[in-house]
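Structure, as structure tokens:
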Amino acid sequence: MAHQLPELPYGLDALEPHISRQTLEFHHGKHHAAYVTNLNKLIEGGDLEAKSLEEVILAVAGDATKAGVFNNAAQVWNHSFYWQCIKPGGGGAPSGALADKIAADFGSFEAFSEQFKTAGATQFGSGWAWLVLDGGTLKITKTANADLPLAHGQKALLTMDVWEHAYYLDYQNRRPDYMTTYLDKLVNWDFVAANLAAA
Amino acid sequence: MALLSLFRFMRACCLAGLVGLAVFIAGAAPALAAFVLPPLPYPAEALAPSIDATTMTIHHDRHHGAYVANLNARIADHPELEQLSLEDLQGRISRYPAAVRNNGGGHYNHSLFWRVMAPPGQGGTPSPQLQAAITAAFDSPEALQQRFAQAAADRFGSGWAWLIRRPDGSLAITSTANQDNPLMDLPGIERGVPLLGLDVWEHAYYLDYQNRRPDYIAAWWSLVNWNEVNRRFAEGLDASGASKS
Ligand SMILES: [Fe+2]
Ligand SMILES: [Fe+2]
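Sequence order for the protein chains is A and B.
The first sequence finishes on residue 330 if you use my numbering, and the numbering steps up by one all the way, no holes.
The second sequence finishes on residue 303 if you use my numbering, and the numbering steps up by one all the way, no holes.
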């Protein structure tokens, strides 16, 4: 069964004005779709074809000769996860057990926000900023290009795409503005809380 | 009378303050502005339609401008940067932290990038000497273009494709991640003098081409400033327009 491009969990214009329809058309319909197509081509007829996406990622992580498979598989995973991390009317501060855990592990929600934005701002070039669960503790990490927490034994709870294609049509060089909007207007904390509860 | 004296006194103080401020600024400025953003060597709209004026303006003023400003901000920690040429910095970049590598590379690479492009029809053609080197390394100009385009397309994430002159004089095509370049003394980099460099960060083409990087690469080839490539090949040394004050 070939890997599939998941539907966006909201309409193409649902995130406007923070993320435009045009950005989602390209980001989901072209970039994410291309990663799916490339992955299926690369694994067709081989040992990896029958494996789940996570199994493929773990099977080729760290193998330089399989960088193409890793990059495409990981980008399929990252984008499927990213779409769920944001929603119309999202953003602000979380509540409940997630809020308590963030306060316990970062000191405050504000400290979390600052660290998360710093991770995104200092990921030089293309990559991702993450909130992960690592050995029972919440941590902020950043990864280059397609790399992801799964390859480092961590559980992803939240991600922010900081490849330029994620924000260039709407924010151009102003990555900090995109990151602030992401936290203030877009984060789907229900999804993050569910990820934490399931961990 | 007393009022007039007070006025004169205040004016004198004010002037002295202004002079003092000017001296302070003049004294401080060189230490804070050792690297300079070079102007584009042509109008921002000169490369249209392959690259439009908006992309050129944002790319030059904001992206390149930020690399220069961020590099200058590192001088306080590394005062010797003021004594180094931008080219010499690349060759010893391994001694420096990521902020110098990223911003120093960004300044060098973009300074080169503007100069290896020319408005359509103004880029000239490869010199006989360069032609011979291209034939020796790639068999044909078409093969060079094809292999260069492949290197640019295959760079996953942000980075650059390069045509370099190796230490033995031969030509080669390479690619580097992010703002690294072939002058840098870093593991995994094939070193040589950059003759031609293509920026394949998404910011270089996203407003014009979005996800269609191959279309950008194909259109860009018609902008190559072979006059500048010829000059760099003939010198074999790096004498790009990248400069300090
Ligand atoms: Fe993306
Ligand atoms: Fe650039």
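Built from N, CA and C at the ideal position, the CB exists for glycine as well.
In this text, all values refer to a predicted model and were calculated from it rather than measured experimentally.
Pairwise C-alpha distance: residue j and residue i
| i | j | result |
| --- | --- | --- |
| Glu-210 of chain B | Ala-102 of chain B | Note that residue 210 of chain B is Ala in the sequence shown here, rather than Glu. Spanning the two alpha carbons is a distance of roughly 23 Å. |
| Ala-205 of chain A | Trp-214 of chain A | 14 Å |
| Asn-304 of chain A | Gln-268 of chain B | 15 Å |
| Thr-232 of chain B | Ile-109 of chain B | 23 Å |
| Pro-252 of chain B | Lys-197 of chain A | 29 Å |
| Ser-135 of chain A | Gly-250 of chain B | Reading off the sequence shown, one finds Gln at residue 135 of chain A, where the question assumed Ser. Going from the Cα of Gln-135 of chain A to the Cα of Gly-250 of chain B covers about 43 Å. |
| Thr-117 of chain B | His-261 of chain B | The sequence shown places His at residue 117 of chain B, not Thr. Those two C-alpha atoms are separated by around 7 Å. |
| Gly-227 of chain A | Ala-234 of chain A | 11 Å |
| Gly-223 of chain A | Leu-155 of chain A | 22 Å |
| His-168 of chain B | Trp-218 of chain B | 10 Å |
| Arg-223 of chain B | Leu-173 of chain A | 34 Å |
| Asp-266 of chain B | Asp-236 of chain A | 43 Å |
| Leu-31 of chain B | Ala-230 of chain B | Within the shown structure, residues of chain B are numbered from 59 to 303, placing residue 31 of chain B beyond reach of any answer. |
| Ala-116 of chain A | Arg-173 of chain B | What the structure shows of chain A is the stretch from 132 to 330, and residue 116 of chain A is not part of that stretch, so it cannot be assessed. |
| Asn-285 of chain B | Leu-147 of chain B | 26 Å |
| Thr-113 of chain B | Lys-248 of chain A | 26 Å |
| Ser-280 of chain B | Leu-221 of chain B | 16 Å |
| Gly-179 of chain B | His-149 of chain A | 41 Å |
| Gly-123 of chain B | Phe-214 of chain B | 25 Å |
| Tyr-100 of chain B | Ala-192 of chain A | 45 Å |
| Ala-106 of chain B | Asp-231 of chain A | 54 Å |
| Pro-325 of chain B | Asp-119 of chain B | For residue 325 of chain B there is no data in the structure shown, the boundaries of chain B being 59 and 303. |
| Gln-189 of chain B | Arg-306 of chain A | 42 Å |
| Leu-142 of chain B | His-136 of chain B | 11 Å |
| Ala-195 of chain A | Asp-212 of chain B | 15 Å |
| Val-158 of chain B | His-296 of chain A | 25 Å |
Residue i CB to nearest heavy atom of ligand 2 below 6 Å
| i | result |
| --- | --- |
| His-162 of chain A | no |
| Trp-279 of chain B | no |
| Trp-259 of chain B | yes |
| Ala-191 of chain B | no |
| Ala-211 of chain B | no |
| Ala-228 of chain A | no |
| His-165 of chain B | no |
| Ala-262 of chain B | yes |
| His-387 of chain A | The structure shown has nothing for residue 387 of chain A, since chain A only spans 132 to 330. |
| His-121 of chain B | yes |
Ligand 1 heavy atom lying under 6 Å from the CB of residue i
| i | result |
| --- | --- |
| Asp-278 of chain A | no |
| Ala-297 of chain A | yes |
| Asp-301 of chain A | no |
| Trp-294 of chain A | yes |
Sequence-distant residues of its chain with Cβ nearer than 7 Å to residue i (five each side left out)
| i | result |
| --- | --- |
| Asn-169 of chain A | Asn-203 |
| Phe-322 of chain A | Gln-215 and Cys-216 |
| Ile-307 of chain B | Within the shown structure, residues of chain B are numbered from 59 to 303, placing residue 307 of chain B beyond reach of any answer. |
| Ser-185 of chain B | Asn-288 |
| Leu-244 of chain B | Ile-151, Ser-152 and Asp-238 |
| Ala-52 of chain B | Given a span of 59 to 303 for chain B in the structure shown, any question on residue 52 of chain B remains unanswerable. |
| Ala-87 of chain B | With a pLDDT of 45 at Ala-87 of chain B, under the threshold of 50, the modelled position of this residue cannot be trusted; read the value that follows with caution. None. |
| Ser-151 of chain A | Leu-300 and Asp-301 |
| Leu-143 of chain A | Arg-152, Leu-155 and Glu-156 |
| Ala-329 of chain A | none |
Own chain residues within Cβ distance below 6 Å of residue i, not counting five before or after
| i | result |
| --- | --- |
| Gly-221 of chain A | Leu-317, Val-318 and Asn-319 |
| Gly-163 of chain B | Gln-237, Asp-238 and Asn-239 |
| Arg-290 of chain B | Leu-253 |
| Asn-326 of chain A | Leu-288 |
| Tyr-309 of chain A | Tyr-298 and Tyr-302 |
| Asn-283 of chain B | Val-174, Met-175, Ala-176 and Gly-181 |
| Ala-60 of chain B | For Ala-60 of chain B, the predicted model reports a pLDDT of 43, less than 50, meaning its position is unreliable; a value from the coordinates is still stated below. There are no such residues. |
| Thr-274 of chain A | Gly-258 and Trp-259 |
| Met-242 of chain B | Gln-148 and Ile-151 |
| Leu-139 of chain A | His-159 and Trp-214 |
| Tyr-125 of chain B | Asn-161, Gly-164 and His-165 |
Cβ neighbours of residue i in the same chain (closer than 8 Å, five flanking residues each side left out)
| i | result |
| --- | --- |
| Asn-209 of chain A | Trp-259, Ala-277, Leu-279, Thr-290 and Asp-292 |
| Ile-188 of chain A | Phe-201, Ala-204, Ala-205, Trp-208, Leu-279, Leu-281 and Ala-282 |
| Leu-90 of chain B | With a pLDDT of only 45 at Leu-90 of chain B, under 50, the local geometry of the prediction cannot be trusted, and no value is derived from it. |
| Asn-171 of chain A | Ala-133 and His-134 |
Residue i Cβ short of 6 Å to ligand 4 heavy atom set
| i | result |
| --- | --- |
| Gln-208 of chain B | Ligand 4 is not part of this structure, which contains only ligand 1 and ligand 2. |
Task: Contact between the segment 240-255 of chain A and the segment 176-184 of chain A (3+ Cβ pairs under 8 Å) - done: no
TODO: Would you list, in chain order, the members of the segment 246-261 of chain A that have their beta-carbon closer than 7 Å to a beta-carbon of chain B?
DONE: Phe-255, Gly-256 and Ser-257
TODO: Pull out every residue of the segment 206-219 of chain B whose Cβ sits closer than 8 Å to any Cβ of chain A, in chain order.
DONE: Phe-214, Gly-215, Ser-216 and Gly-217
TODO: Specify whether the segment 154-164 of chain A and the segment 237-253 of chain A touch according to this definition: at least 3 beta carbon pairs, one from each stretch, less than 8 Å apart.
DONE: no
Open item on the list: For the segment 292-308 of chain A, list every residue whose C-beta sits within 8 Å of some C-beta in chain B, in sequence order.
Closed with: Trp-294, Glu-295, His-296, Tyr-299, Leu-300, Gln-303 and Asn-304
Task: Validate contact between the segment 200-214 of chain B and the segment 273-291 of chain B using beta carbons, cut 8 Å, 3 pairs - done: yes
TODO: Could you run through the segment 231-249 of chain B and flag, in chain order, every residue whose CB is less than 9 Å away from some CB of chain A?
DONE: Ala-235, Asn-236 and Gln-237
Open item on the list: At a CB distance below 8 Å, what residues from the segment 104-130 of chain B approach chain A? Give them in sequence order.
Closed with: Ile-116, Arg-120, His-121 and Ala-124
Task: Contact residues within the segment 159-184 of chain B, judged by C-beta distance below 8 Å to chain A - done: Asn-160
Open item on the list: Residues of the segment 180-212 of chain A in Cβ contact with chain B at a cutoff of 8 Å, in chain order, please.
Closed with: Ala-198 and Asn-202
Task: Where the segment 260-277 of chain B meets chain A: residues whose CB sits under 8 Å from a CB there - done: Glu-260, His-261, Tyr-264, Leu-265, Gln-268 and Asn-269
Open item on the list: Beta carbons nearer than 8 Å to chain B: which residues of the segment 151-165 of chain A have them?
Closed with: Phe-157, Lys-161, His-162 and Ala-165
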